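Visitor:
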Amino acid sequence: QLSGQLSPRLFRKLPPRVCVTLKSIVDEEFLWAGHIFLGFSKCGRYVLSYTSSSGDDDFSFYLYHLYWWEFNVHSKLRLVRQVRLFQDEEIYSDLYLTVCEWPGDSDKVIVFGFNTRSAPGLQVNMMLMSDENHRDIYVSAVAVPPPRHCPACRRATPPPGPPQTPDFPPAPPSPAVAKAKEFVADLFRRAQGAGGGPGGAHREGGDDPPPSPRGPSPETPPAVPGSPPGEPHPPGSSPEPGYVNYTKLRYVLEPGEPPEGEWGAPRGGLDSPRYWGAPLSPCLPSELEDDKISLPFVVTDLSGRSLRPLQDRATAQGQYLTVEQLTLDFEYVINEVIRNDAAWSRQFCSFSDYDIVILEVCPETNQVVINIGLLLLAFPSPDEEGQLRPRTYHTSLKVAWDLNSGTFTTVGVGDLTEVKGQT
């Protein structure tokens, strides 16, 4: 039986992690070229913009082009498609352009343009213009770019082999994702400790390797070439899911540190377990500056002396400390659960914020039941009368995460509850 309570807190403003300035993702040359950005497509993959151009004389007509840009947070927009609007039409005045999509048709967008025949420089409120006889109206239906395989993606080396790491630095995580990663890594250590494993504290020297998130293996796998003696290869018969990241790092004392005791432990206490502190730091160690997935750990011994991470294939001389980290991409999980298991998935537009509540942790099966409270934009039910415009809703998603395999399964999806007074 599941137990727990959903936080009643409502989200009252747009979270900072989804606020990206236009100048940070668009090259300045496109801004100088007069691109007017309309916003996101319904699927959230593209940003739309248009340009207007005309000749220098009074008798030349205007040309309008619609642009599709692929959106990735913390990287520049990539131009996917350029389409001329209102072809075969001679337009001799500037137009107001709007774009709309239907909830049930994701293959095309409708571009609506009209002029006002107003005096130059006159401010016109589009909501107050009611005289249809004083406008020229133009409409274009534009196909959405088809999804295609990213040429930069490639499959990592399958086991047996070195631990899988990307060949290029991933995008830096948002503060909320980093906070969730920190929590999940700590949750995994607690679950292992409750099941009798060493948890977050390990003996040094590599003689007692920590457990893997994929669960116990019936046999000891062969060691990786170049790894220290006694450190086995990370087990696992299948590649990890794309939304899970598992890292394993080794730490040793900084060069020149006096070997007083055993990493701060009393002399003679060689068999007592050694603990490590891992407070968050705003910067990463120099060896990990390009590893944007790993959390910025600062590892010290009991005396406060800093430990430095070893390179992947470096050989440790003497004692070292192993730190394991397991992370889950919650935003990916939210999108996948909605896309595959929500009855209202075709109404869904986007989500703006979420809360995570751990309902249950089972140390025997390493199953974690998670409730995700979600604030989102969605179209109302097609059965409702009136103008269909996106509204703000609150719902909850419940998933079970298997720490042995890294996979998650959907336990339940809540109904949409409209949040009044939110835009």
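Under the UniProt record's numbering, read the sequence shown as residues 1 to 423, first letter to last. Backbone N, C-alpha and C fix where the C-beta goes; we use that ideal spot for every residue, glycine too. Keep in mind that this is a model prediction, so the values were computed, not measured.
1. Could you check if I36 is buried or exposed, using at least 16 other CB atoms within 10 Å of its CB as the buried criterion?
2. Give me the residue from H65, A400, E418 with the minimum Cα distance to G412.
3. In terms of residues, what are the limits of the alpha helix (DSSP H) holding N340?
4. By the DSSP assignment, the alpha helix (DSSP H) with I25 in it spans what residues?
5. Helix, strand or coil: how does DSSP classify S345 here?
6. Assuming F30 is part of the beta strand (DSSP E), what are its boundary residues?
7. Exposed or buried, which one is T98 when buried takes at least 16 other CB atoms within 10 Å?
8. In whole angstroms, what is the alpha-carbon distance linking P145 and R84?
9. Please report the residue range of the beta strand (DSSP E) in which S52 lies.
10. Between the Cα of N366 and those of G406, S303, E418, spot the shortest distance and give me the residue it belongs to.
11. Could you check whether S396 and I372 sit closer than 8 angstroms to each other, using their CB atoms as the reference points?
12. Could you tell me the alpha carbon to alpha carbon distance between D402 and P309, rounded to whole angstroms?
13. I'd like the span of the beta strand (DSSP E) that includes F408, first residue to last.
14. Here's the rule: buried if 16 or more other CB atoms are within 10 angstroms of the residue's CB, otherwise exposed. What is F351?
15. Determine the burial state of N340: buried for a count of at least 16 other Cβ atoms within 10 Å of its Cβ, exposed for fewer.
16. What does a CB cutoff of less than 6 angstroms around W68 pick up in its chain, not counting 5 residues either side in sequence?
17. E336 to V323, Cα distance in whole Å?
18. Looking only at DSSP bridge pairs, what is V99 linked to?
19. If I measure Cβ to Cβ from E385 and keep anything under 8 angstroms in the same chain, skipping five residues before and after, which residues do I get?
20. What's the gap between the Cα of L374 and the Cα of I356?
21. So, L302 versus R250, is the Cβ gap smaller than 8 angstroms?
22. Can you tell me whether S140 is buried or exposed? The criterion is at least 16 other CB atoms within 10 Å of its CB, across all chains shown.
23. Work out the CA separation of D415 and L31 for me, nearest whole Å.
24. Would you decide whether V368 is buried or exposed? Buried here means 16 or more other CB atoms lie within 10 Å of its CB.
25. Per DSSP, what are the beta-bridge partners of C362 in this structure?
26. Among the residues of its own chain, which have a CB less than 8 angstroms from the CB of G34, if the five just before and after it don't count?
27. Compare the Cα-Cα distances from K23 to each of Y393, S75, S306, L95 and report the closest residue.
28. For the beta strand (DSSP E) holding G39, just list the boundary residues, first then last.
29. Closest to L38 by C-alpha separation, out of F330, E360, Y96, would be which residue?
30. Are the CB atoms of C349 and P390 nearer to each other than 8 angstroms?
31. Look at the alpha carbon of Q347 and the alpha carbon of F71, and state the distance between them as a whole number of angstroms.
32. Closest to I137 by CA distance: which of L48, G44, F114 is it?
33. Skipping 5 residues on each side, what residues in its chain have a beta carbon closer than 6 angstroms to that of G44?
34. Taking F61 as the reference, give the member of Y92, L48, A378, K42 with the closest Cα.
Guide: By the coordinates alone:
1. Classified as exposed, I36 has fewer than 16 neighbouring CB atoms from the shown chains inside 10 Å of its CB.
2. For G412, the nearest C-alpha among the options comes from A400.
3. 330-341 is the extent of the alpha helix (DSSP H) around N340.
4. Under the DSSP assignment, I25 falls in the alpha helix (DSSP H) whose first and last residues are 22-25.
5. Here DSSP, grouped into helix, strand and coil, assigns S345 to helix.
6. First-last for F30: 28-32, but that is the alpha helix (DSSP H), not the beta strand (DSSP E).
7. It is exposed - the Cβ of T98 has fewer than 16 other Cβ atoms within 10 Å.
8. Cα-Cα distance, rounded: 14 angstroms.
9. Taken as a continuous stretch (DSSP letters only), the beta strand (DSSP E) holding S52 covers 46-53.
10. With respect to the C-alpha of N366, the residue from G406, S303, E418 having the closest C-alpha is G406.
11. In terms of Cβ geometry, I372 and S396 form a close pair [threshold 8 angstroms].
12. Within the model, the alpha-carbon separation for D402 versus P309 is close to 29 angstroms.
13. For F408, the uninterrupted beta strand (DSSP E) run begins and ends at 408-413, by DSSP.
14. It counts as buried.
15. It counts as exposed.
16. So the qualifying residues of the chain are Y46, V80, R81, P145.
17. A direct Cα-Cα distance of roughly 30 angstroms separates E336 from V323.
18. V99 has V111 as its beta-bridge partners, per DSSP.
19. Once the five neighbours on either side are set aside, E385 has no close Cβ partner at all.
20. Straight-line Cα distance between these residues: approximately 9 angstroms.
21. For L302 and R250, no; Cβs fall outside 8 angstroms.
22. With 16 or more other Cβ atoms within 10 Å, it is buried.
23. Going from the Cα of L31 to the Cα of D415 covers about 42 angstroms.
24. With at least 16 other beta carbons inside 10 angstroms of its own, V368 counts as buried.
25. Beta bridge pairing from DSSP links C362 with Q367.
26. Taking C-beta separations shorter than 8 angstroms and ignoring five residues to either side along the sequence, the partners of G34 in its chain run T51, S52, S53, following chain order.
27. Ranking the options by Cα distance to K23, first place goes to S75.
28. Judged by DSSP secondary structure, G39 falls within the beta strand (DSSP E) whose first and last residues are 36-40.
29. Ranking the options by Cα distance to L38, first place goes to Y96.
30. The answer is yes: Cβ separation under 8 angstroms.
31. Those two C-alpha atoms are separated by around 21 angstroms.
32. Taking the Cα of I137 as reference, the smallest distance to any Cα among L48, G44, F114 is reached at F114.
33. Only S350 meet the Cβ criterion.
34. F61 has its Cα closest to that of Y92, out of Y92, L48, A378, K42.
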